[in-house]
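Remarks on the structure that follows.
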Amino acid sequence: MPKYKKEGKKRAKEEDETRKQLSDQKSEMFNSSIRSLLISSGCLVLSFLFNGKIIDLPVEPGSAVDVLLILLKSLLITLFYTFTLVGLANTMELRGKPSSLRDIIIVGIISLIQGVLSLPVFLISFLGVILASLYLWAIQVKVERF
Amino acid sequence: MNGLALMTRLRKHTTITGILFFSICAVLVLSHYITMSSAWTQDEIIVPVGDIPIIDGIQDAAWNKANVTKSGEIDIINLKAMINSSYLFILVEIQATNHDDDEYIKLLLSNSSDFEDEDFIDAKLIQTRNFSKADNRSYIITDQVYYEGEYISDNQTNFVGAANISAGNKYSYYEFSIPFASVNNDTLNDTSIVLGNTFALKVEFGIHKEDQSPTSVERTEELLITLEKKEGGGNGDIEEFPLNLKILSYVMFSITGVAFIVIAVITFQSRSKI
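Right under this line is the structure:
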């Protein structure tokens, strides 16, 4: 009789610990989502300034500065895509269903339309979005494997 | 090596590979935008329909609609060109540390897209005098024709030109208004300028002191210009449905902003799931 009681208490304690661990994991996922979305909102603001031509630097077409500016604009779009996707994926996982291809496509579209004013920016961002998706997919595979 | 260290290494490796691949792709895509070997940033330009500038040697807002090409790194020549229904407008801007009082710009116009000397039958010259002195600055315009290996003055001057220099004598401007063949009766001595055609053009920059010979040619740059021809008739001055890119950009960013706010709200709502 006392042994049974002890086992019952032990099981309850283990369940509590597991619940606490899960709760910690969820908190960490939530915090990660917030951090990712904060970074992506920063990228969105900068992208609006540069890609929306609010800050329109007078550069000579084809010059090194022009190329750097195109790369910067594309990088902002790619970073926005990456961090928004990470934030959204964590949120969806927290809600109990992993993000679908539809979510990825939606985030991809809202990222790429930022580069609609410049064909080079759009093309490089498109490449960046594909690479970022591949990178996130590869990381996911590695995490699952280990 | 534990799993975490291995993952960190794998992540770093993937990141470096990703950045390298991204850079290579970017360089490949942009390589055709960078012209290293050509004297001009664009050695063949389409001349668009633009506004009518005031020919006074001052670069006014009308030139914003012109197509631009640039030559040189130290003494820079910027050439802007546009048309209306009857005239070709060309602005040559010289950015130099020291401008000579007697510098000139001569536009040599070919009757075709060929660059042989004898193809440049027509020349439009703007010769400046006392250029750095604001009080008695002046310029002379001369229409010339190619005759037995040299350019001589044409019987009649069929273009309008003007030259001016900016405060501080850093930038000089040469403006040309050249009539199309449809409004020019000197078909023998002037290049026949027709919409849709491609012409070879030489920009000669030099110094010619008064009553002195020979002329000192500083630079001669060649390019091809094609006069834009709007399909379906009309002079193309009015765009029927101009697309305002600024508004398009705002619309796109509004969509992105709204979508991002939705994602942020969903994320905050998921706090209840913890």
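Residue numbers (our numbering), protein chains in the order written: chain A, 1 to 146; chain B, 1001 to 1274.
From the three backbone atoms N, C-alpha and C, an ideal C-beta is built for every residue, glycine too.
> Pairing CB atoms from the stretch 133 to 140 of chain A with CB atoms from the stretch 58 to 70 of chain A, are three or more of them under 8 Å?
Replying inline: no
>> Measuring CB atoms only, is the stretch 77 to 84 of chain A touching the stretch 1220 to 1231 of chain B, in the sense that at least three cross pairs come out at less than 8 Å?
In response: By the C-beta criterion, the stretch 77 to 84 of chain A is judged not to be in contact with the stretch 1220 to 1231 of chain B, since fewer than 3 inter-stretch pairs fall below 8 Å.
> Nearest to Ile-113/A by CA position, among Gln-1095/B, Ser-1270/B, Gly-1257/B, is which residue?
Replying inline: Here residue 113/A is taken as the residue at index 113 of the first sequence, counted from 1. Of the candidates Gln-1095/B, Ser-1270/B, Gly-1257/B, the one whose C-alpha sits nearest the C-alpha of Ile-113/A is Gly-1257/B.
> How close, in whole Å, do the beta carbons of Tyr-1171/B and Glu-1093/B come, if the pair is a contact with beta carbons under 8 Å?
Replying inline: Start at 1 with the first residue of the second sequence, and residue 1171/B comes out as number 171. Start at 1 with the first residue of the second sequence, and residue 1093/B comes out as number 93. About 6 Å separates the two Cβ atoms, so the contact holds.
> Mind checking Trp-137/A: buried by the 16 CB within 10 Å criterion, or exposed?
Replying inline: Here residue 137/A corresponds to residue number 137 of the first sequence, with the count starting at 1. Its Cβ having fewer than 16 others within 10 Å, Trp-137/A is exposed.
> How would you label Tyr-1087/B, buried or exposed, when you count the other beta carbons within 10 angstroms and need 16 or more for buried?
Replying inline: Your numbering for residue 1087/B matches position 87 in the second sequence. Tyr-1087/B should be labelled buried.
> Around the C-beta of Gly-1196/B, are 16 or more other C-beta atoms found within 10 angstroms, so that it is buried, or is it exposed?
Replying inline: Along the second sequence, one-based indexing puts residue 1196/B at 196. Burial call: exposed.
> Which stretch, first to last residue, makes up the beta strand (DSSP E) that contains Phe-1089/B?
Replying inline: One-based indexing of the second sequence puts residue 1089/B at position 89. For Phe-1089/B, the uninterrupted beta strand (DSSP E) run begins and ends at 1087 to 1095, by DSSP.
> Cα-Cα, which of Asn-1169/B, Thr-1069/B, Phe-1268/B, Ser-1272/B is closest to Asn-1130/B?
Replying inline: Within the second sequence, the letter at position 130 stands for residue 1130/B. Comparing C-alpha distances from Asn-1130/B to each of Asn-1169/B, Thr-1069/B, Phe-1268/B, Ser-1272/B shows the shortest one belongs to Asn-1169/B.
>> As a quick exercise: from Ile-1255/B, Ser-1213/B, Asn-1189/B, Val-1160/B, pick the residue whose alpha carbon is nearest that of Leu-1109/B.
In response: Residue 1109/B sits at position 109 when you count from the first residue of the second sequence. Taking Leu-1109/B as reference, the option from Ile-1255/B, Ser-1213/B, Asn-1189/B, Val-1160/B with the minimal CA-CA separation is Asn-1189/B.
> Which chain B residues are close to Phe-122/A, counting only those with a beta carbon under 8 Å from its beta carbon?
Replying inline: To locate residue 122/A, count along the first sequence from 1; it is residue 122. The premise fails here: Phe-122/A is roughly 10 Å from chain B at the closest Cβ pair, so nothing lies under 8 Å.
> Hey, is Thr-1142/B's beta-carbon within less than 8 Å of any beta-carbon in chain A?
Replying inline: Taking the first residue of the second sequence as position 1, residue 1142/B is located at position 142. With 8 Å as the cut-off, Thr-1142/B does not count as an interface residue toward chain A.
> Quick one: Cα of Asp-24/A to Cα of Ser-1249/B, how far?
Replying inline: Sequence index remark: in the first sequence, residue 24/A carries index 24 (1-based). Sequence index remark: in the second sequence, residue 1249/B carries index 249 (1-based). If you take the alpha carbons of Asp-24/A and Ser-1249/B, they lie about 42 Å apart.
> What's the gap between the Cα of Val-1203/B and the Cα of Asp-1060/B?
Replying inline: Taking the second sequence and counting its residues from 1, one reaches residue 1203/B at position 203. Taking the second sequence and counting its residues from 1, one reaches residue 1060/B at position 60. Cα-Cα distance, rounded: 21 Å.
>> For Arg-19/A and Ile-1261/B, what's the separation of their Cα atoms in angstroms?
In response: Numbered from 1 along the first sequence, position 19 holds the residue referred to as residue 19/A. Numbered from 1 along the second sequence, position 261 holds the residue referred to as residue 1261/B. Cα-Cα distance, rounded: 31 Å.
> Based on the DSSP secondary-structure assignment, which residues constitute the bridge partners of Asn-1067/B?
Replying inline: Locating residue 1067/B in the second sequence gives position 67, counting from the first residue. Looking at the DSSP assignment, Asn-1067/B forms a beta bridge with Ala-1081/B.
>> So Ile-1165/B contacts chain A; which residues on that side make the cut at Cβ distance below 7 Å?
In response: In the second sequence, residue 1165/B corresponds to position 165, counting from 1. Residues of chain A passing the Cβ test: none, with the nearest at roughly 22 Å.
> Just curious, the alpha helix (DSSP H) that Gly-52/A is in, first and last residue?
Replying inline: Translated into positions along the first sequence, residue 52/A becomes position 52. Here Gly-52/A belongs to no alpha helix (DSSP H), and DSSP marks it neither H nor E.
>> To the nearest angstrom, how far is the alpha carbon of Gly-1149/B from that of Phe-1199/B?
In response: In the second sequence, the residue the question calls residue 1149/B occupies position 149. In the second sequence, the residue the question calls residue 1199/B occupies position 199. Gly-1149/B and Phe-1199/B have their C-alpha atoms roughly 20 Å apart.
>> Considering Cα atoms alone, identify which of Phe-1253/B, Ala-1264/B, Lys-1246/B is closest to Asp-56/A.
In response: As a working mapping, residue 56/A is identified with position 56 in the first sequence. The option with the nearest alpha carbon to Asp-56/A is Lys-1246/B.
> chain B partners of Gln-114/A, CB-CB under 9 Å?
Replying inline: The count along the first sequence starts at 1 and reaches residue 114/A at position 114. Residues of chain B passing the Cβ test: Ser-1249, Met-1252, Phe-1253, Thr-1256.
> What residues in its chain sit with their C-beta under 6 Å from that of Asn-1164/B, if we drop five residues either side in the sequence?
Replying inline: For the purposes of this step, residue 1164/B is taken as the residue at position 164 of the second sequence. Excluding residues within five positions, the ones whose Cβ falls inside 6 Å are Gly-1057, Ile-1058, Tyr-1173.
> In chain order, what residues of the same chain lie with their CB nearer than 6 Å to the CB of Leu-37/A, ignoring the 5 residues before and after it?
Replying inline: Within the first sequence, the letter at position 37 stands for residue 37/A. Within the same chain, Leu-37/A has close Cβ partners Gly-87.
> Quick one, are the C-beta atoms of Gly-115/A and Ile-77/A less than 8 Å apart?
Replying inline: Here residue 115/A refers to the residue found at position 115 of the first sequence. Here residue 77/A refers to the residue found at position 77 of the first sequence. A contact, by the Cβ cut-off of 8 Å.
> CA-CA distance, Asn-31/A and Gly-96/A?
Replying inline: As a first step, residue 31/A is located in the first sequence; it is residue number 31 there, counting from the start. As a first step, residue 96/A is located in the first sequence; it is residue number 96 there, counting from the start. One C-alpha to the other measures close to 16 Å.
> For the candidate residues Ile-1126/B, His-1099/B, Asp-1117/B, whose alpha-carbon lies nearest to that of Ile-1105/B?
Replying inline: Taking the second sequence and counting its residues from 1, the one referred to as residue 1105/B is at position 105. Taking only the C-alpha atoms, the option nearest Ile-1105/B is Ile-1126/B.
> If you count every other CB in all the chains shown that lies within 10 Å of the CB of Lys-1080/B, and 16 or more means buried, which is it?
Replying inline: As a first step, residue 1080/B is located in the second sequence; it is residue number 80 there, counting from the start. Buried, because 16 or more other Cβ atoms sit within 10 Å of the Cβ of Lys-1080/B.
> Going straight from the alpha carbon of Gln-1095/B to that of Ile-1076/B, what length do you get?
Replying inline: Walking along the second sequence from the start, residue 1095/B turns up at place 95. Walking along the second sequence from the start, residue 1076/B turns up at place 76. If I take the Cα positions, the gap works out to 5 Å.
>> Please list, in chain order, the chain A residues whose beta carbon lies closer than 7 Å to that of Leu-1245/B.
In response: Within the second sequence, residue 1245/B is the residue found at index 245, counting from 1. Here the neighbours are Leu-117.
> Which residue spans inside the stretch 1156 to 1230 of chain B form an unbroken beta strand (DSSP E) run of at least 3?
Replying inline: 1160 to 1165, 1171 to 1179, 1198 to 1207, 1216 to 1227
> Should Val-1068/B and Asn-1084/B be called a contact, given that it needs their Cβ atoms to be closer than 8 Å?
Replying inline: As a working note, residue 1068/B is residue 68 in the second sequence. As a working note, residue 1084/B is residue 84 in the second sequence. Result no, Cβ atoms of Val-1068/B and Asn-1084/B do not sit closer than 8 Å.
> Quick one: what does DSSP say Lys-998/B is sitting in, helix, strand or coil?
Replying inline: No statement about residue 998/B is possible, as the shown extent of chain B runs from 1001 to 1274 and does not include it.
> Would you report the Cα separation of Leu-101/A and Ser-40/A, rounded to the nearest angstrom?
Replying inline: Residue 101/A sits at position 101 when you count from the first residue of the first sequence. Residue 40/A sits at position 40 when you count from the first residue of the first sequence. Taking the straight line from one Cα to the other gives about 20 Å.
> Which one of Glu-1175/B, Glu-1116/B, Phe-1115/B, Ser-1132/B has the shortest CA to CA distance from Ile-1141/B?
Replying inline: Walking along the second sequence from the start, residue 1141/B turns up at place 141. Looking at the Cα atoms, Glu-1175/B is the closest of the given residues.
> What residue does the beta strand (DSSP E) around Leu-1125/B start on, and which one ends it?
Replying inline: Position 125 of the second sequence holds residue 1125/B. Following the DSSP letters along the chain, one finds Leu-1125/B inside the beta strand (DSSP E) bounded by residues 1122 to 1129.
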